[in-house]
Amino acid sequence: MTGHHDIGAIRARLASGDGPSFWRSLDAVADTAEFRSYLEAEFPAAARLAAAPERRGFLKLMAASFALAGLSACDSGDGRHNELPYVNAPERIVPGAPLSYASSALFDGFANGILVTTRNGRPLKIEGNPDHPWSRGGTDILAQASVLGLYDPFRSQAVQHIGRPSSWAAFQGAMLAQMPVWQAKGGEGLALLTGPVTSPSLQAEIARMRETYPAMRWYVSAGVARDSLYDGAKRAFGRPVETLLDFTSARTIVALDGDILDLGPGQVGLSRRWSEARKASYAAGHLLTLHAAAATPTLTSAKADYAVAVPGARMEALARDLLSLAEGGSASSADGASEAWLKRAFAALNEARGAGIVTAGLCGSPELHALVHRLNGALGNAGTTVRHTAPAQAIGAGALRDLSTAMAEGSVETLIVLGVNPVYEAPGALGFAQAMERVPLKIHTGLYYDETAAHSDWHLPLAHPLESWGDARSLDGTVSLVQPTVAPLYNGRSANEMLAFLDRGTIANGLDLLKRQMRGGSEDDTAFQARFEDALRSGFLPDSAAKPETMALTASGPAPTVAPSSDDAIEVVFRPDPTVWDGTLADLGWLQELPKPLTKIVWENVVGISPKLAERRSLANGDIVRIAADGHAIEGPAWITPGQAENTVSLSLGYGRDVPDHLSRGLGYDANALRPAMDPWLLAGATLEKTGRRRLPATTQDLGTMEGMDLVRVQRQGAEPVGDTKAYELASFYPKPAAAGRGATAAWAMVIDLDACIGCNACITACQSENNIPVVGREEVERGRWMGWLRVDRYYAGDLDAPDTHFQPVPCMHCENAPCEVGCPVEATLHDSEGLNLQVYNRCVGTRTCQSYCPYKVRRFNYLDYTGDMPAVAQQQRNPDVTVRARGVMEKCTYCVQRIAAARIDSAKDAHAPIPDGTVETACQGACPTRAITFGNLSDPESQVNKARGDGRNYALLGDLNTRPRTTYLASLAPAAREG
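Just so you know, numbering that gives the first Met the number 0 puts 797 at position 798 of the sequence shown, and the rest follows in order with no gaps.
Below you can see the structure in the form of structure tokens.
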């Protein structure tokens, strides 16, 4: 496909009703001959089967996917002072049996509770901790990928001095000579730069350092900082606070550039609470509606019942109009679509006074956040649905721009960088790298030898969270523990241990530092040890969440003057990438090959433009454009984004990395180069130019297209149920398949709630981790060879410029009448006695007939041998319960049959007792933060999956084909009417 589209013709086709009701791409709406050929070929590059990836890129990719044998080169400095034969097995460890530890996944310093599954002492899989009061069993893509990060061969593996290998002993000697100088000056000229800090124990170490070096300055750096949230609260209340949303009693939500469902520190906890409240409100007869205004589409605006595209520069004016209406005034700035949205949103808020929520996201300006606080106060929401607590993040550190200024002035003599990469993530306008060159001594500690390490005198490997002791707070303030599940692979040190050494000059143990922080002053040894062990088992300190506080609004100042802009002026909005976030984990192949939720782009970022802007500038998908402002410029491929504000260009962070021999090098553009220093999320006055070059990004959006069918259903409040059971009652000349029976044996099935699915892709990453799914690389994806067993289709419906958006996860349907079984000439795919559609790998001869027969397009073929040369040590990172497939075989979702088999074994040990409902949890089900997936036994009439199937929204995908799928769907929810 060329990416060239007649935008006007596409818009007219959709408006006339002649186009599809639900569509995945502009190519699907245009329905060109080229697109039809693509669908008929299904895998358009099959003729190029013999083609191979470029050798260097292939080797880098294999390193990321299989965690190559760097672990085998570990030195002996791993703390193994007393080794015993394994006949004296450690307590509770049974060879080959899984063992889980409660810990925390860290996201920009904030914690989500997790369970780390290990086998024989090696971490293999991340699950959510169901007992954790904030995350409640859910996870996100970064938590799921963290186990790959542990084994990432691109991790820093040795101390380096001036770019050459060194040792911890050499560093310690150099610092012991340097520390008296710092002490003599009282810390004058000493600067500490960290990421956002929520850890009580790390805060304690920083406080001790500031006591030892009173003049030391502490700064915080983050690619996606929370500064605007805290600054906005300070404008509204006089001091920074954390804002928590209570959806349980809410009747409507208004999100102004909000991100309650988007990737971030709060996604797991907030999305679960939103989903539960929405389901409960629907059952009670009044759907919890979501109104969203955004400059560029997000997961939050995609799930909104009413969404509008508003330029980023006008978001404050929209909030000010809402505030004026709430106080009895009038609106003055809205027009057109935004005016209609404004009237509807205010009507909903006004009707739900005291039970509404107005929220803004990380990328909103401080003034926008201040207006949101005042709006919630005026509507009576503060203290009911909107609560405020003390910030979970430590406050009082200087900003990155302050550090850049201090370095440029020459007032910083020693810079200690702890776990961040400011040379890459700082806005280009700061000139951070140039300012850093003026610092005489630069010490960098990090997981990777990155851009900042390359500018430092000393680089030290940081221990991964899965191999270190620590703690951190969740967004609600709950103190969560971090405990190691394996000894440091590369002799790294934790952040706490590093600061303890730089403060006191002695090597401290992370466990001792954690206990010192947790222990009460008068607590005896026995009581503390019992409390500490209980906390380790649960993964958090009970009742440690922050208490709500009553806040009083300060007097508001005059509205700032906004310079008028021309109707065709280009504004640039910057957003964190929905898969690699700010680029910290850009070397992880799982995240690079994870399709972006809305664009389905992999392995790079794009320049998002609206359909109207593309039509006006004659731009097509893949046209290389140049964005320039203030002497800086970036170039990237254009991508037409339905639902984006007309003159807004969106750039995503996390790409354009420049670290030699790393997987992320050369992927995409570096958006940080254009970011302003004062407002890092919005840039006005940029220019957009077409370079004349073209390169289509790799995308999965048209892979597995199921066209012309009733794919997504919408259940409106109060309307007749849209679900049906006709798919299992179709007339046939043939008897029902054996799998249709329900009896003494289990009948496994899955139900997916489309309303609860937010498109976050946690299920895809969990499936990849659980089932040893390889990363194939950009070139292979372009050939249609993406290997994911589970995909999340994104559909649009309605107007091209303001469409509704729907997400639909599509695993194997495990059809009772499976077409793939009819097509396979060697019976490599067949049913078992419990209705599972199995794939026997050693029977498969690679005809791919089953793939052609499958109407759901969920089967994947190994075109290349991605696993043949995997070293023995790397095999330990893989799940030993799942076969690692070879070249030439088909593979697909198995309903995590290995977990079902484990439950059968446990049942056999218990006199073959029935497997209790909920015992078997698939990887995708367990990872989902909103619990959109239900799995269980249809033969159990009381099972949750049976109850879900009895819902009036339940329907079978492509049920008219008489495939009788075991996987069914619950229709999305919508308000009763969409007038206005």
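All C-beta atoms, glycine included, are put in the ideal place defined by N, C-alpha and C.
Computed from a predicted structure; not experimentally measured.
Whole angstroms is fine: what's the gap from residue 282's alpha carbon to residue 853's? As a working mapping, residue 282 is identified with position 283 in the sequence shown. As a working mapping, residue 853 is identified with position 854 in the sequence shown. Their backbone Cα atoms lie some 36 Å apart in a straight line.
I'd like the list of long-range same chain contacts for residue 578, defined as Cβ closer than 7 Å, with 5 residues on each side in sequence excluded. Taking the first residue of the sequence shown as position 1, residue 578 is located at position 579. Here the set comprises 140, 590, 593, 595.
Taking only the alpha-carbon atoms, compute the straight-line gap between residue 627 and residue 686 and give it to the nearest angstrom. Position 628 of the sequence shown, counted from the start, is the residue given in the question as residue 627. Position 687 of the sequence shown, counted from the start, is the residue given in the question as residue 686. Their backbone Cα atoms lie some 5 Å apart in a straight line.
Just to confirm the assignment, what range does the alpha helix (DSSP H) spanning residue 9 have? In the sequence shown, the residue the question calls residue 9 occupies position 10. Here the alpha helix (DSSP H) through residue 9 covers 6-15.
Member of 934, 377, 537, 607 whose CA lies at the smallest distance from the CA of residue 646: The residue labelled residue 646 in the question sits at position 647 within the sequence shown. Residue 646 has its Cα closest to that of 607, out of 934, 377, 537, 607.
For residue 953, list the residues DSSP reports as bridge partners. For the purposes of this step, residue 953 is identified with residue 954 of the sequence shown, where counting begins at 1. Looking at the DSSP assignment, residue 953 forms a beta bridge with 969.
Quick one: what's residue 102 bridged to in DSSP? For this step, residue 102 is matched to residue 103 along the sequence shown. Paired residue(s): 113.
Separation of residue 643 from residue 11, as counted between CA atoms: Counting from one through the sequence shown, the residue named residue 11 turns up at place 12. Counting from one through the sequence shown, the residue named residue 643 turns up at place 644. If you take the alpha carbons of residue 11 and residue 643, they lie about 18 Å apart.
Could one say the Cβ of residue 785 lies closer than 7 Å to chain B's Cβ atoms, at least one of them? Although the question refers to chain B, the structure presented lacks it and comprises just one protein chain.
By alpha-carbon positions, which one of 828, 155, 630, 433 ends up nearest to residue 980? A question about residue 980 goes unanswered here, because the residues of the chain that appear run from 0 up to 979.
Checking 7 Å against the spacing of the C-beta atoms, do residue 336 and residue 307 come in under that value? Within the sequence shown, numbered from 1, the residue matching residue 336 stands at position 337. Within the sequence shown, numbered from 1, the residue matching residue 307 stands at position 308. Taking 7 Å as the cut-off, the beta carbon of residue 336 is found closer than this to the beta carbon of residue 307.
Could you give the distance in angstroms between the alpha-carbon of residue 503 and the alpha-carbon of residue 214? Position 504 of the sequence shown, counted from the start, is the residue given in the question as residue 503. Position 215 of the sequence shown, counted from the start, is the residue given in the question as residue 214. If I take the Cα positions, the gap works out to 16 Å.
Within 8 Å, do at least three Cβ pairs link the segment 467-479 to the segment 189-198? Taking a contact to require three or more Cβ pairs closer than 8 Å, the segment 189-198 and the segment 467-479 qualify as touching.
Residue 357 bridges to which residues according to DSSP? Start at 1 with the first residue of the sequence shown, and residue 357 comes out as number 358. Bridge partners of residue 357: 253.
I'd like to check one pair, residue 128 with residue 538: are the Cβ atoms closer than 7 Å? Counting from one through the sequence shown, the residue named residue 538 turns up at place 539. Counting from one through the sequence shown, the residue named residue 128 turns up at place 129. A contact, by the Cβ cut-off of 7 Å.
Taking only runs of the alpha helix (DSSP H) that begin and end inside the segment 356-390, which ones reach a length of at least 4 residues, in chain order? Complete alpha helix (DSSP H) runs here, min 4: 365-377.
Residues near residue 77 by beta carbon distance below 6 Å, same chain, minus five either side: Indexing the sequence shown from 1 puts residue 77 at position 78. In this prediction, residue 77 has a pLDDT of 43, which is less than 50 and means its spatial position is unreliable; what the coordinates show is noted afterwards. Hits under 6 Å: 486.
Among the candidates 126, 150, 110, whose CA atom is the shortest distance from the CA of residue 133? Your numbering for residue 133 matches position 134 in the sequence shown. Measuring C-alpha to C-alpha distances from residue 133 to each of 126, 150, 110 identifies 110 as the nearest.
Please classify residue 270: is it buried, with 16 or more other beta-carbons within 10 angstroms of its beta-carbon, or exposed? The sequence position of residue 270 within the sequence shown is 271, counting from 1. Classification for residue 270: buried.
Indicate the three-state DSSP secondary structure (helix, strand or coil) for residue 135 in the structure shown. On the sequence shown, position 136 is the one that residue 135 refers to. The three-state reading of DSSP puts residue 135 in coil, since its state is none of H, G, I, E or B.
Note down the Cα distance separating residue 850 from residue 385, rounded to an integer number of angstroms. In the sequence shown, the residue the question calls residue 850 occupies position 851. In the sequence shown, the residue the question calls residue 385 occupies position 386. When rounded, the distance between both Cα atoms is 50 Å.
To test your reading of the DSSP string, which unbroken alpha helix (DSSP H) runs of 4 or more residues are found completely within the segment 496-559? Whole alpha helix (DSSP H) segments, 4+ residues: 509-517, 524-537.
Beta-carbon proximity of residue 243 to residue 318, cut-off 7 Å: One-based indexing of the sequence shown puts residue 243 at position 244. One-based indexing of the sequence shown puts residue 318 at position 319. Between residue 243 and residue 318, the C-beta spacing is not below 7 Å.
Helix, strand or coil: how does DSSP classify residue 437 here? Indexing the sequence shown from 1 puts residue 437 at position 438. Per DSSP, reduced to three states, the secondary structure at residue 437 is coil, with no helix or strand assignment.
What does a CB cutoff of less than 7 Å around residue 4 pick up in its chain, not counting 5 residues either side in sequence? The residue you call residue 4 lines up with position 5 of the sequence shown. Counting only Cβ-Cβ distances below 7 Å, and skipping sequence neighbours, we find 25, 29, 619.
What does the alpha-carbon distance come out to for the pair residue 32 and residue 639? Translated into the one-based positions of the sequence shown, residue 32 becomes position 33. Translated into the one-based positions of the sequence shown, residue 639 becomes position 640. Approximately 21 Å, taken between the alpha carbons.
Residues near residue 466 by beta carbon distance below 8 Å, same chain, minus five either side: Counting from one through the sequence shown, the residue named residue 466 turns up at place 467. Its chain contains 149, 483, 484, 485, 486, 487, 488, 491 as the residues whose beta carbon lies nearer than 8 Å to that of residue 466, once the 5 sequence neighbours on both sides are disregarded; these appear in chain order.
According to DSSP, residue 124 sits in a beta bridge with which residue or residues? What you label residue 124 is simply residue 125 of the sequence shown in a count that begins at 1. Note: residue 124 is bridge-paired with 116 in the DSSP secondary-structure output.
In the DSSP assignment, what are the bridge partners of residue 806? As a working mapping, residue 806 is identified with position 807 in the sequence shown. The partner list for residue 806 (beta bridge, DSSP) reads 793.
Run through the segment 836-916 for me and flag every whole beta strand (DSSP E) of 3 or more residues, listed as ranges in chain order. You should have 836-838.
What is the DSSP secondary structure of residue 161, counted as helix, strand or coil? By one-based count along the sequence shown, residue 161 stands at place 162. It is coil, neither helix nor strand.
Of all the options 322, 714, 816, 202, which has the alpha carbon lying nearest to the alpha carbon of residue 951? For the purposes of this step, residue 951 is taken as the residue at position 952 of the sequence shown. With distances taken between Cα atoms, residue 951 lies closest to 714.
Where residue 967 and residue 956 are concerned, what is the direct C-alpha to C-alpha distance, given to the nearest angstrom? Residue numbering aside, residue 967 sits at position 968 when the sequence shown is read from its first letter. Residue numbering aside, residue 956 sits at position 957 when the sequence shown is read from its first letter. For residue 967 and residue 956, the distance between alpha carbons rounds to 7 Å.
Residue closest to residue 877, alpha-carbon to alpha-carbon, out of 15, 125, 798: Locating residue 877 in the sequence shown gives position 878, counting from the first residue. Considering only alpha carbons, the answer is 125.
Mapping DSSP to helix, strand and coil, what is residue 54? Taking the first residue of the sequence shown as 1, we reach residue 54 at position 55. Summary for residue 54: the model assigns pLDDT 49, below 50, so the residue's position carries little reliability; its value from the coordinates is reported in the next sentence. The three-state reading of DSSP puts residue 54 in helix, counting H, G and I together.
Out of curiosity, what's the CA-to-CA distance linking residue 770 and residue 791? Indexing the sequence shown from 1 puts residue 770 at position 771. Indexing the sequence shown from 1 puts residue 791 at position 792. Taking C-alpha positions only, residue 770 is separated from residue 791 by approximately 17 Å.
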